[in-house]
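J.: Supplied in structure tokens, the structure appears directly below.
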Amino acid sequence: YRVTLNLLPRKYIARRTPNWARLFFVVVLLGFSALYLFSYGILSLRVQSLKQEINTLELRASHLREEVERLKKVQDEVTKIEQRVRLLKSLIVREKDWLRFFAILGKHMPQDLALSELRCSPERVECRGQATTVASIASFIGSLLRYRDFFSSVDFTSLTLGQDNLYEFGLIMELKSP
Numbered sequence: 486y487r488v489t490l491n492l493l494p495r496k497y498i499a500r501r502t503p504n505w506a507r508l509f510f511v512v513v514l515l516g517f518s519a520l521y522l523f524s525y526g527i528l529s530l531r532v533q534s535l536k537q538e539i540n541t542l543e544l545r546a547s548h549l550r551e552e553v554e555r556l557k558k559v560q561d562e563v564t565k566i567e568q569r570v571r572l573l574k575s576l577i578v579r580e581k582d583w584l585r586f587f588a589i590l591g592k593h594m595p596q597d598l599a600l601s602e603l604r605c606s607p608e609r610v611e612c613r614g615q616a617t618t619v620a621s622i623a624s625f626i627g628s629l630l631r632y633r634d635f636f637s638s639v640d641f642t643s644l645t646l647g648q649d650n651l652y653e654f655g656l657i658m659e660l661k662s663p
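Residue numbers (our numbering): 486 to 663.
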């Protein structure tokens, strides 16, 4: 047998930890290690699933951006069509007025006066043309001013002597609103 003698006083003797305490410490250490590994695995799976979700959402966002662009183009086309429809409706509503306007122009336009350009809007009509004399332009303006119920004003924008001794003129006719 092996005999060990310790000659140190009792207070200096190193006490051994009991086996149950060691076992408890090992079990707690293994439990925390297992918990750490389990939580690490769960979190890594969660990170992977979130990365996949991010990729899916980015793909969906790009599809939605493309769809928004397509919808903007369609909305622009719809807006243009709506503007055309509004213009057509305003022309249809004022059709009699426009017929009357062109009848007045045709009735009172002197023989030596020719209109080369006519721009119409709901509020005014701009026209350009040529005449052989200033008197024919003046008589044309005077004839138009007789229709105060239709024209609020008729004014010159320009008058120049052009080629072949023809007077080139520009007029603005302000229309009265119905």
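A virtual CB, placed ideally from N, CA and C, is assigned to each residue, including glycine.
Could you spell out where the beta strand (DSSP E) holding glutamine 615 opens and where it closes?
T.: For the purposes of this step, residue 615 is taken as residue 130 along the sequence shown, with counting starting at 1. It spans 609-616 - the beta strand (DSSP E) in which glutamine 615 sits, taken as one unbroken run.
J.: Using the DSSP secondary-structure output, state which residues sit across from aspartate 640 in a beta bridge.
T.: Counting from 1 along the sequence shown, the entry for residue 640 is found at position 155. Answer by DSSP bridge pairing, in chain order: Ile657.
J.: On the CB-based measure, 16 or more other CB atoms within 10 Å of its CB, does glycine 614 come out buried or exposed?
T.: The residue you call residue 614 lines up with position 129 of the sequence shown. Glycine 614 should be labelled buried.
J.: Please list the terminal residues of the continuous alpha helix (DSSP H) segment that includes arginine 585.
T.: Reading the sequence shown from its first residue, position 100 is the one you call residue 585. Looking at the DSSP string, the run of the alpha helix (DSSP H) that includes arginine 585 is 580-593.
J.: How many Å lie between valine 639 and leucine 590 at the Cα?
T.: Sequence index remark: in the sequence shown, residue 639 carries index 154 (1-based). Sequence index remark: in the sequence shown, residue 590 carries index 105 (1-based). Computed Cα separation, rounded: 13 angstroms.
J.: Just checking my contact of isoleucine 626 with tyrosine 652 at CB under 8 angstroms: how many whole Å lie between their CB atoms?
T.: Counting from 1 along the sequence shown, the entry for residue 626 is found at position 141. Counting from 1 along the sequence shown, the entry for residue 652 is found at position 167. No, isoleucine 626 and tyrosine 652 are not in contact; Cβ-Cβ is about 13 angstroms, not under 8 angstroms.
J.: Taking Cβ positions, are isoleucine 657 and glutamate 611 nearer each other than 8 angstroms?
T.: Start at 1 with the first residue of the sequence shown, and residue 657 comes out as number 172. Start at 1 with the first residue of the sequence shown, and residue 611 comes out as number 126. Inclusion of isoleucine 657 and glutamate 611 in the CB contact set at 8 angstroms is warranted, their separation being smaller than that value.
J.: Return the residue from the list Leu584, Ala620, Ser575, Glu580 that minimises the CA-CA distance to glutamine 596.
T.: Along the sequence shown, one-based indexing puts residue 596 at 111. For glutamine 596, the nearest C-alpha among the options comes from Ala620.
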